[in-house]
Amino acid sequence: MGKEKFISVLDIGTTKNCVLVAQTESTGYQIVGYGISPSSGMKKGVVTDLNKLTQSIKDAVRNAEKMCKARLKEASISVTGSHISTIVNKGETEVCNREGTVTESDIEVAIRNASNCQLPANMMILHSIPRSFTVDGMEGIENPIGMKGKRLSVDVTLIIGDVTHIQNLVTATENVGLKVKDIILQPYASGKAVLTEEEMKEGVCLIDIGGGTTDVAIFKNGSLYFSFVIPVGGNHITNDLSLCLNIPFNVAEFIKVEYGGCDILKVGKGDVVKVNYRGTEWEFSKESIYEIIEARVAETFEIVKANLYNLKLDYLIPYGIVITGGSALLRDISLVAERIFDRPVRIGYPKITDNIWKTLENPIYGTALGMLELAVSDEEPEIGLFERNLFSYILSKIKEWFSSLMEEKEGKNE
Numbered sequence: 001m002g003k004e005k006f007i008s009v010l011d012i013g014t015t016k017n018c019v020l021v022a023q024t025e026s027t028g029y030q031i032v033g034y035g036i037s038p039s040s041g042m043k044k045g046v047v048t049d050l051n052k053l054t055q056s057i058k059d060a061v062r063n064a065e066k067m068c069k070a071r072l073k074e075a076s077i078s079v080t081g082s083h084i085s086t087i088v089n090k091g092e093t094e095v096c097n098r099e100g101t102v103t104e105s106d107i108e109v110a111i112r113n114a115s116n117c118q119l120p121a122n123m124m125i126l127h128s129i130p131r132s133f134t135v136d137g138m139e140g141i142e143n144p145i146g147m148k149g150k151r152l153s154v155d156v157t158l159i160i161g162d163v164t165h166i167q168n169l170v171t172a173t174e175n176v177g178l179k180v181k182d183i184i185l186q187p188y189a190s191g192k193a194v195l196t197e198e199e200m201k202e203g204v205c206l207i208d209i210g211g212g213t214t215d216v217a218i219f220k221n222g223s224l225y226f227s228f229v230i231p232v233g234g235n236h237i238t239n240d241l242s243l244c245l246n247i248p249f250n251v252a253e254f255i256k257v258e259y260g261g262c263d264i265l266k267v268g269k270g271d272v273v274k275v276n277y278r279g280t281e282w283e284f285s286k287e288s289i290y291e292i293i294e295a296r297v298a299e300t301f302e303i304v305k306a307n308l309y310n311l312k313l314d315y316l317i318p319y320g321i322v323i324t325g326g327s328a329l330l331r332d333i334s335l336v337a338e339r340i341f342d343r344p345v346r347i348g349y350p351k352i353t354d355n356i357w358k359t360l361e362n363p364i365y366g367t368a369l370g371m372l373e374l375a376v377s378d379e380e381p382e383i384g385l386f387e388r389n390l391f392s393y394i395l396s397k398i399k400e401w402f403s404s405l406m407e408e409k410e411g412k413n414e
């Protein structure tokens, strides 16, 4: 098995790192291993200690390698954080085909032209995702390939991020011996894993609540339409419990996972939670625990709702809200979301067809499984041509940017 080709992805988070390894088959792909480790050196999706992050990534990678009995050489990595933002731009090109029909090459040029825009300082493009195409003034075209025309234009969603942070993720990954193949926005990947085709086409809001951030992504017409990140996540719920109950963070996390919930109406009067954690006993009012959790969850959803309205995105999501990520497992979190958004809400679980890996059918693994889907589709020769070229372009730009930065520093030191 060691000589066979593997496709691997690395989801780097504030609370955990997850590596998934797969082999492609004629019918799709087969998961052959995974590795998980507690994350260290990250806060709110941003690298705070490169050495600690490198070691925690190494632990996850080695665990995955033991399971698939092979040494991994490359991986797609995930990115999130409050530095992530969205820009919408337009790109155009003349149709160059002799027959006067739009080709994939024309699409690539139009998307690349849309990507050639002035960005804020120290920012770079992660994803260039087409929203819709126009051929000779005919708007609203989903796939223009093969259509007759002289001029092609495209409206593109540009996901941008901080170059320094992205380079830190790349460096930490390369430090454990992995070449970075692709860089994927976490909620983009999560959507691929937990949303239905109908939801993505008609319009839905994905809320991915991780440890350090809440990633929000609007999907419309089958692809990512807009995304933003809120620097509040599950760790903030734990921290609230820790402060309000005057207990260690680890104990608060245990209480949140084992006893936490969001619907205080389901708590009986006088209900208590008794905890024995590593030999020390605590007793708390269950009502207090639920009040603390519900307050933070409600506040987070209110922030998301305000952003949706301010960005005029609320009318794009007739299929409502899908919640995923680790905090999606909080009891009755969907009830809080339904009350605040006044829309249909469901919890997004990834689907695993192989019973051997059913343990991965959990919202906390949604991002990694979505990354795997994107990585596998990228291997297929007729899918993702301009996506592959774009990622190569991204990585080359990272290297160019840092090379020029080092040259500037060396010039100043001379």
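According to this note's numbering, the sequence shown is numbered sequentially starting from 1.
Cβ coordinates follow ideal geometry from the N, Cα and C atoms, glycine included.
It should be emphasised that the depicted structure is a prediction, and the values quoted were computed from it without experimental measurement.
Does DSSP put Lys44 in a helix, in a strand, or in coil? Numbered from its first residue, the sequence shown carries residue 44 at position 44. Reduced to three states, the DSSP call for Lys44 is coil.
Presumed contact (8 Å Cβ cut-off) between Leu32 and Gln23, rounded CB distance: As a first step, residue 32 is located in the sequence shown; it is residue number 32 there, counting from the start. As a first step, residue 23 is located in the sequence shown; it is residue number 23 there, counting from the start. At residue 32 the sequence reads Val, which differs from the Leu that was named. About 6 Å separates the two Cβ atoms, so the contact holds.
Out of Ser153, Cys117, Gly137, Gly146, point me to the one whose CA is closest to Pro130's CA. Indexing the sequence shown from 1 puts residue 130 at position 130. Pro130 has its Cα closest to that of Ser153, out of Ser153, Cys117, Gly137, Gly146.
For Leu10, which residues does DSSP report across the bridge? As a first step, residue 10 is located in the sequence shown; it is residue number 10 there, counting from the start. DSSP output for Leu10 lists Val19, Ile77 as bridge partner(s).
Give the DSSP-derived three-state secondary structure of Gln118 in the structure shown. Along the sequence shown, read from residue 1 onward, the residue named residue 118 stands at position 118. If DSSP states are grouped into helix, strand and coil, Gln118 belongs with coil.
Rounding to the nearest angstrom, what Cα-Cα distance links Ile133 and Asn63 in this structure? Taking the sequence shown and counting its residues from 1, the one referred to as residue 133 is at position 133. Taking the sequence shown and counting its residues from 1, the one referred to as residue 63 is at position 63. The question names Ile, yet the displayed sequence has Phe at residue 133. Distance between the alpha carbons of Phe133 and Asn63: 44 Å.
Can Ala193 and Gly366 be called in contact, C-beta distance under 8 Å? In the sequence shown, the residue the question calls residue 193 occupies position 193. In the sequence shown, the residue the question calls residue 366 occupies position 366. Cβ distance < 8 Å, so Ala193 and Gly366 count as in contact.
Quick one: which unbroken alpha helix (DSSP H) runs of 4-plus residues sit fully inside the region 116–193? Chain order, please. 163–174
Contact check, Gly191 vs Gly28 under 8 Å by CB: the rounded distance? Along the sequence shown, one-based indexing puts residue 191 at 191. Along the sequence shown, one-based indexing puts residue 28 at 28. Actually they do not touch by this definition, with Cβ atoms about 18 Å apart.
Per DSSP, Gly28 forms a beta bridge with which residues? Position 28 of the sequence shown, counted from the first residue, corresponds to residue 28. In the DSSP output, where bridge partners are listed per residue, Gly28 has Glu25.
Straight-line gap, Glu202 to Phe226 (C-alpha atoms, nearest Å): For the purposes of this step, residue 202 is identified with residue 202 of the sequence shown, where counting begins at 1. For the purposes of this step, residue 226 is identified with residue 226 of the sequence shown, where counting begins at 1. Those two C-alpha atoms are separated by around 14 Å.
Whole alpha helix (DSSP H) runs in the region 305–356 with 4 or more residues, listed along the chain? 333–341
In the DSSP assignment, find the beta strand (DSSP E) that holds Glu92 and state where it starts and stops. Within the sequence shown, residue 92 is the residue found at index 92, counting from 1. Per DSSP, Glu92 belongs to the beta strand (DSSP E) from 85–94.
What is the rounded straight-line gap between the Cα of Tyr34 and the Cα of Pro350? Residue 34 sits at position 34 when you count from the first residue of the sequence shown. Residue 350 sits at position 350 when you count from the first residue of the sequence shown. If I take the Cα positions, the gap works out to 16 Å.
Backbone secondary structure at Asn97 - three-state DSSP: For the purposes of this step, residue 97 is taken as the residue at position 97 of the sequence shown. Coil.
Where Gly13 and Gly45 are concerned, what is the direct C-alpha to C-alpha distance, given to the nearest angstrom? Position 13 of the sequence shown, counted from the first residue, corresponds to residue 13. Position 45 of the sequence shown, counted from the first residue, corresponds to residue 45. If you take the alpha carbons of Gly13 and Gly45, they lie about 6 Å apart.
Examine the Cβ distances between the region 159–179 and the region 284–293 and report whether three or more of them are shorter than 8 Å. no
Apart from the five residues on each side of it in sequence, which residues of its chain come closer than 8 Å, Cβ to Cβ, to Val376? What you label residue 376 is simply residue 376 of the sequence shown in a count that begins at 1. Same-chain partners within the cutoff: Ile7, Ala22, Thr24, Gly28, Tyr29.
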